[in-house]
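Just so you know, the protein sequences line up as chains A and B, in that order.
Whatever position you read off the first sequence (first residue = 1), add 2 for our numbering.
Whatever position you read off the second sequence (first residue = 1), add 2 for our numbering.
Protein chains: 2
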Amino acid sequence: MARETLNREQIVRAAIELLDAEGIEGLSMRKLGQRLGSAATAMYWHVGNKENLLVLAADEVWSEVRLPDVATVGWRTAARELMYAARELCDRHSWLVRVITSYAAAGEGLARFQERAYETFEAAGFRDADLDWAVSTPFMFVTGLAIMSSSDAAEVKKRAEQDAAAQPEQEAQAVAQMNALAAKYPRLGASMAAQAQRGQGFVEQVDEVFAFGVETILDGLTARLAGRSGASE
Amino acid sequence: MARETLNREQIVRAAIELLDAEGIEGLSMRKLGQRLGSAATAMYWHVGNKENLLVLAADEVWSEVRLPDVATVGWRTAARELMYAARELCDRHSWLVRVITSYAAAGEGLARFQERAYETFEAAGFRDADLDWAVSTPFMFVTGLAIMSSSDAAEVKKRAEQDAAAQPEQEAQAVAQMNALAAKYPRLGASMAAQAQRGQGFVEQVDEVFAFGVETILDGLTARLAGRSGASE
DNA sequence: ACCTGAACACCGTTCAAGT
DNA sequence: ACCTGAACACCGTTCAAGT
């Protein structure tokens with residue numbers, strides 16, 4: 003616990019702990035300062051500002067991710083493993099996906115991950131601009147799914163349910179609106195009813211949606227490769 | 003301009019205007035109150051709180067979206083048009099994608115859109131849980147891409163560049179880091195160099211990435227349909 | 001080189017009090 | 001039923017002053 007001076011690494015580590023524990027809205031410079039036994043404003047010297055601190059934290063966690071060996075498992079398995087690894091990372095650090103604004107603006111941790119992605123899709127047979135696009139497509143899907151299933155989202159939902167439970171009048175109104183929508187939009191209603199009958203909420207379904215989406219995209223990429231001559235090695 | 007009392011619709015409309023003009027960080031209850039000529043706290047009676055106001059605003063803009071006629075254009079075209087329409091909506095309202103936490107928690111505007119999506123993928127031949135997943139997959143991709151290319155992201159980037167320009171020392175450091183990454187991660191470096199040579203930044207590429215991703219996913223869904231017996235009508 | 005404390009300009013939200 | 005104003009408990013950030 004004893005330490006001479008603050009440093010950047012230490013601040014980033016503490017920020018990640020706080021983010022993991024309390025989510026993106028739980029991080030404030032004052033709380034972080036308290037955690038580090040410093041004035042809230044001490045961090046500005048080391049990390050510039052809060053936004054930059056978030057970028058540093060995001061890059062740091064990217065380097066946790068385990069990378070497949072493309073040469074031994076083949077491109078399709080490697081691509082699948084990269085997608086699952088990215089999703090798992092977003093799951094473990096629910097705030098990560100909210101920090102990612104642009105993959106381009108990043109450091110060592112993400113670069114390492116991206117390089118392996120390039121290697122993977124190059125092995126598949128993609129070249130030049132096609133290669134860029136093939137790398138991007140799966141990770142836009144992962145990002146979108148992570149946004150939907152981030153625990154921030156889950157927390158918002160839980161809170162909404164608690165509020166509703168606390169105010170039975172509002173709860174009843176929400177149910178009435180749901181029923182009205184289900185009646186007006188029959189396919190949506192049927193899907194909701196089926197999910198309710200299976201006892202599946204969004205959380206249970208999300209793993210299956212992810213698996214479906216991953217295979218769909220891999221199939222789609224395979225189809226694009228097949229649509230060319232001599233593209234695959 | 004003269005009006006008797008505030009109402010929910012009016013508040014939501016003003017919020018959308020403010021959000022479109024200044025982005026999600028430009029919306030505050032105080033500014034909104036000012037715009038409406040009311041006390042900042044007057045809105046609480048009508049919309050409960052800020053989060054709920056954002057949800058109402060998001061649902062409102064969803065009803066702007068134009069829906070294709072599945073019966074006349076066929077499922078593949080309809081699916082493509084739904085994806086393009088959703089992306090265009092996210093482009094026009096850069097804050098939308100940041101408000102969407104879960105598609106499930108929504109109202110009339112989104113329900114209308116989703117119903118057409120269900121209709122589209124049902125026409126393609128998907129049923130039951132597969133239908134849910136087929137509907138979800140494209141929109142997770144759209145969401146992910148919208149996140150990356152949201153003008154909030156663009157603004158963050160622009161601001162970073164301005165900061166860098168103002169502080170040439172930092173600028174030089176950033177360039178040095180980029181070069182170091184490009185050297186360490188050759189495929190990434192090659193891609194960056196190629197993009198620079200083509201004079202393409204992220205903004206120019208994103209339309210092409212989107213087009214590629216859309217066709218990839220449509221191909222992937224087609225492949226999944228073909229993998230079954232009698233699934234397609 | 002590194003840190004503190006006060007200060008500035010904001011936030012969302014509650015709530016008694018008004019009409 | 002609807003609105004106001006003051007107040008509370010927060011924010012991120014700057015900057016002079018200290019060591």
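The C-beta atom is built at its ideal place from N, Cα and C for all residues, glycine as well.
Residues near C92 of chain B in its chain [Cβ-Cβ closer than 6 Å; skip 5 each side]: Cβ neighbours of C92 of chain B beyond the five flanking positions: L98, V99, A148.
Tell me whether E117 of chain A is buried or exposed, calling it buried when 16 or more other Cβ atoms sit within 10 Å of its Cβ. The Cβ neighbour count for E117 of chain A, taken over all protein chains shown within 10 Å, is at least 16; the residue is labelled buried.
Run of the alpha helix (DSSP H) containing T79 of chain A, from where it starts to where it stops: It spans 77-94 - the alpha helix (DSSP H) in which T79 of chain A sits, taken as one unbroken run.
Under 9 Å, do M142 of chain A and M194 of chain B count as touching if we go by C-beta distance? Against a cut-off of 9 Å, the Cβ pair of M194 of chain B and M142 of chain A comes out as no contact.
Between the region 56-82 of chain B and chain A, which residues of the former have CB atoms less than 8 Å from a CB of the latter, in chain order? Result list empty, no residue passes.
At least one CB of chain A closer than 9 Å to the CB of D221 of chain B: is that the case? By this cut-off, D221 of chain B is an interface position.
In three-state DSSP terms, what is N181 of chain A? Collapsing the DSSP output to three states places N181 of chain A in a helix.
Residue ranges of each alpha helix (DSSP H) run of no fewer than 4 residues wholly in the region 21-57 of chain B, ordered along the chain? Listed in chain order, they are 31-38, 46-49.
Does the beta carbon of S193 of chain B come closer than 9 Å to any beta carbon on chain A? Output row for S193 of chain B: interface = yes.
Have a look at F214 of chain A and E83 of chain A and give me their C-alpha separation to the nearest angstrom. Cα to Cα, the separation comes out at about 14 Å.
Pick from A:R230, A:D61, A:L34: whose alpha carbon is nearest that of A113 of chain A? Among A:R230, A:D61, A:L34, the Cα nearest to that of A113 of chain A is on A:D61.
Mind reading off the beta-carbon distance from L34 of chain A to V101 of chain A? Whole number of angstroms is fine, and I expect it under 8 Å. L34 of chain A to V101 of chain A, Cβ: 15 Å. No contact.
Is it buried or exposed for W47 of chain A, if we count other Cβ within 10 angstroms and need 16 for buried? Counting other Cβ atoms within 10 Å of its Cβ, W47 of chain A stays below 16 and is therefore classed as exposed.
Under 9 Å between C-beta atoms, does I149 of chain B make it to chain A? Taking CB atoms only, I149 of chain B has a neighbour in chain A less than 9 Å away.
Can you say whether R226 of chain A is buried or exposed, counting buried as having 16 or more other CB atoms within 10 angstroms of its CB? Buried: at least 16 other Cβ atoms inside 10 Å.
Is it the case that the Cβ atoms of T139 of chain A and T139 of chain B are separated by a distance below 9 Å? Not closer than 9 Å, so no.
Considering L112 of chain B, what are the terminal residues of the alpha helix (DSSP H) in which it resides? Its alpha helix (DSSP H) spans residues 110-126.
Helix, strand or coil, according to DSSP, for G146 of chain B in the structure here? G146 of chain B: helix per DSSP, three-state reduction.
Looking at the secondary structure, which residues open and close the alpha helix (DSSP H) in which L98 of chain B lies? That run of the alpha helix (DSSP H) goes 98-101.
Please report how far the alpha carbon of N1 of chain A lies from the alpha carbon of V14 of chain A, in whole angstroms. Residue numbering for chain A in the displayed model covers 3 to 235; residue 1 of chain A lies beyond these limits and cannot be assessed.
Which value, in whole angstroms, describes the spacing of the CA atoms of A125 of chain A and I18 of chain B? Spanning the two alpha carbons is a distance of roughly 46 Å.
Under 9 Å between C-beta atoms, does S96 of chain B make it to chain A? Taking 9 Å as the threshold, the shortest C-beta distance from S96 of chain B to chain A does not fall below it.
Consider the C-beta atom of Q116 of chain A and the heavy atoms of the ligand MG; say whether any pair is separated by less than 8 Å. By its list of ligands, the structure shown contains no ligand whatsoever, and the ligand MG lies outside what it can speak to.
Just checking my contact of F123 of chain B with A136 of chain B at CB under 8 Å: how many whole Å lie between their CB atoms? F123 of chain B to A136 of chain B, Cβ: 4 Å. Contact.
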